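When we follow UniProt numbering, the leftmost residue of the sequence shown carries the number 1, and every step to the right adds one. C-beta atoms are modelled at their ideal positions from N, C-alpha and C, and glycine is treated no differently. Because the structure is a prediction, the values reported are computed rather than measured. Remarks on the structure that follows.
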Amino acid sequence: MVSYTPTYVFKFLPTILNALPLTLWVIFLTVLLGSLLGAGLAWAQLNSASDGWVAFAKAYVFILRCTPPIVLLFMVFYGLPEFLTWWLHLDVDDWSRTVFVVVTMILLFAASISEVFKAAYLAVPKGQLEAGLSIGLTGFQTFVRILLPQAFKIALPNITTAILNLMKDAALAYTIGLVDVMGAGNLIISRNLGNYSLETYTAVALIYWGIALILSLVSHFMEYSLSKGNA
1 MVSYTPTYVF KFLPTILNAL PLTLWVIFLT VLLGSLLGAG LAWAQLNSAS
51 DGWVAFAKAY VFILRCTPPI VLLFMVFYGL PEFLTWWLHL DVDDWSRTVF
101 VVVTMILLFA ASISEVFKAA YLAVPKGQLE AGLSIGLTGF QTFVRILLPQ
151 AFKIALPNIT TAILNLMKDA ALAYTIGLVD VMGAGNLIIS RNLGNYSLET
201 YTAVALIYWG IALILSLVSH FMEYSLSKGN A
């Protein structure tokens, strides 16, 4: 029977928390850059006049959404250095593992968030665009002032879900040696020769639950503020 000592959960928490900034940094960079790429993919599917760009965007989204995160992570970690060496004669052996994790997560996050953006944009009544143009606004001004706020409100719950999924996917970074929250937990287990693994994973789970709770509260507050502003 496996013994469980709750005091070890709180004993390991400070050590694991030291890796929290790296985890948050990976999530932040991924959300920022992945959203930009995702917005480009959504635009290509909705407004691009080129059938080639539409086909590329749809193929990208389909392929990346069907690729398991751990498979893509290994492909980027082991394949990207070989590709850059062959193409640019660039030696990336000294690059941080964080770079490969962020690249992987950006590619995945962009595919999922582009569908969120596309669905939110299509949910805004088309009459809003016509109304904005009829009062003398340009297409860009109409999008920024009228369409974007409405689309963002519609997309917010799904954006939150996408970020939570990203947090779970990014936990796989320990498989290539990144010492994030999950990686720090596995190091503790290794140092203890496999002992206290359940206590360690409980501590890791508490941290992820805390991140998820804060994100959910922020999302709820933003939804409430947007709803109140439109009341």
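Looking at the structure shown, is H89 part of a helix, part of a strand, or coil, going by DSSP?
Reduced to three states, the DSSP call for H89 is coil.
What separation, rounded to the nearest whole angstrom, lies between the Cα atoms of Y8 and I189?
About 12 Å.
Run through DSSP, which three-state label would K126 get?
Coil at K126, not helix or strand.
Look at L108 and L64 and say whether their C-beta atoms are less than 9 Å apart.
Yes.
Do V26 and V102 have their C-beta atoms closer together than 9 Å?
The answer is yes: Cβ separation under 9 Å.
When the Cβ atoms of the region 110–118 are set against those of the region 33–44, are three or more pairs found closer than 8 Å?
Yes, the region 110–118 is in contact with the region 33–44.
Straight-line CA distance for Y60 to F28?
The straight-line gap from Cα to Cα measures roughly 22 Å.
Count the C-beta pairs between the region 200–214 and the region 167–179 that are closer than 8 Å, then say yes if the count reaches three, no if not.
Contact holds: three or more Cβ-Cβ distances are below 8 Å.
Is it the case that the Cβ atoms of M167 and A110 are separated by a distance below 9 Å?
In this structure, A110 does not lie closer than 9 Å to M167 by Cβ.
State the DSSP-derived secondary structure class of D180, mapped to helix, strand or coil.
Residue state, collapsed to three classes: coil.
From T142 to S50, what distance separates their C-alpha atoms?
For T142 and S50, the distance between alpha carbons rounds to 23 Å.
Restricting to Cα atoms, I'd like to know which of Q150, L178, K11 is closest to T23.
Looking at the Cα atoms, L178 is the closest of the given residues.
Please state whether DSSP places N18 in a helix, a strand or coil.
Looking at N18 - three-state DSSP - the assignment turns out to be coil, as it is neither helix nor strand.
For the structure I just gave you, are there three or more beta carbon pairs, one from the region 154–166 and one from the region 180–188, closer than 8 Å?
These segments do not touch.
I think I176 touches L73, with their Cβ atoms under 8 Å apart; what is that distance to the nearest whole Å?
At roughly 7 Å, the Cβ-Cβ gap stays under 8 Å, so I176 and L73 are in contact.
With burial defined as no fewer than 16 other Cβ atoms inside 10 Å of the residue's Cβ, what is the status of S134: buried or exposed?
So S134 ends up on the exposed side.
Assuming V34 and M105 make a contact with CB atoms under 8 Å, what is their CB distance in whole Å?
Reading the sequence as shown, one finds Gly at residue 34 and not Val. G34 to M105, Cβ: 7 Å. Contact.
Just curious, the alpha helix (DSSP H) that A171 is in, first and last residue?
Neither: A171 is in no alpha helix (DSSP H) and is coded neither H nor E.
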